[in-house]
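Reviewing the structure listed below.
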Amino acid sequence: MTESPPLTAPVLVVGVGNILLGDDGIGVRLAQELGQRLLLAGVEVVDGGTLGLSLLPYLAGREVLVVLDAMRNGQPPGTLQWLRWPQGWQGKSRRSVSPHQGSALELLHAASLIGILPPVVWLGVVTPAEVNAGVGLSPVVESRLPSLVAEVAAFLRTLALKLLTNYR
Numbered sequence: 011m012t013e014s015p016p017l018t019a020p021v022l023v024v025g026v027g028n029i030l031l032g033d034d035g036i037g038v039r040l041a042q043e044l045g046q047r048l049l050l051a052g053v054e055v056v057d058g059g060t061l062g063l064s065l066l067p068y069l070a071g072r073e074v075l076v077v078l079d080a081m082r083n084g085q086p087p088g089t090l091q092w093l094r095w096p097q098g099w100q101g102k103s104r105r106s107v108s109p110h111q112g113s114a115l116e117l118l119h120a121a122s123l124i125g126i127l128p129p130v131v132w133l134g135v136v137t138p139a140e141v142n143a144g145v146g147l148s149p150v151v152e153s154r155l156p157s158l159v160a161e162v163a164a165f166l167r168t169l170a171l172k173l174l175t176n177y178r
């Protein structure tokens, strides 16, 4: 008897960043908080940390990918902005989103090249206040963490609902 392949949730949420570089760790913190609180059928949350291209196997077979990361974008610190890939990136730099090894952009480009990039990709980027050596978020971003978690959770609920609606 052959084993059936493991089932993967259609929606994958990956928080990336380096928790040793202050606010660069916001994606990881969001993933950790969501992983403890968010229970949505069809949604898997992964703390991707600084794994970079090692995250590629997680992307295969997904319908939606949501990447959470820090990005300097001229907004006030702690601001969450949603960018659709690739439309939201036209005219933006293709360099690293943040200073950790293996940026979110490199991950997306590599997944596209090998044909495993999910058809729908969203990046939830949070404007950092400080990206310096040190554990923990800056006071301003830490104070926004509960509302950021709520914003991301609401976005994921909407995505999950749309996905379920498309199957009916």
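Mapping of the sequence shown onto my numbering: residues 11 to 178, in sequence order.
Beta carbons: idealized from backbone N, C-alpha and C, even for Gly.
Candidates L40, P156, E140, G52, of which the one nearest L133 by Cα
Taking the first residue of the sequence shown as 1, we reach residue 133 at position 123. The shortest Cα separation from L133 among L40, P156, E140, G52 belongs to L40.
As a quick exercise: from V53, M81, V74, R47, pick the residue whose alpha carbon is nearest that of G27.
Reading the sequence shown from its first residue, position 17 is the one you call residue 27. It is M81.
Quick check: what's the CA-CA separation for T175 versus T168?
To locate residue 175, count along the sequence shown from 1; it is residue 165. To locate residue 168, count along the sequence shown from 1; it is residue 158. If you take the alpha carbons of T175 and T168, they lie about 10 Å apart.
With distances taken from CA atoms, which of R47, L147, Q85, L78 is nearest D57?
Numbered from 1 along the sequence shown, position 47 holds the residue referred to as residue 57. For the options R47, L147, Q85, L78, the alpha carbon positioned closest to that of D57 is the one of L78.
Near L93, what residues of its chain come up, given a Cβ to Cβ distance below 6 Å and the 5 sequence neighbours on each side ignored?
Here residue 93 refers to the residue found at position 83 of the sequence shown. Here L93 has L133 as same chain residues with Cβ atoms under 6 Å from its own Cβ, once five neighbours each way along the sequence are excluded.
L158 - DSSP class collapsed to helix/strand/coil:
By 1-based counting over the sequence shown, the position of residue 158 is 148. For L158, the three-state secondary structure derived from DSSP is helix.
Any alpha helix (DSSP H) of 4 or more consecutive residues that is wholly inside the stretch 120-159
At a cut-off of 4 residues, not a single continuous stretch assigned as alpha helix (DSSP H) sits fully inside the stretch 120-159.
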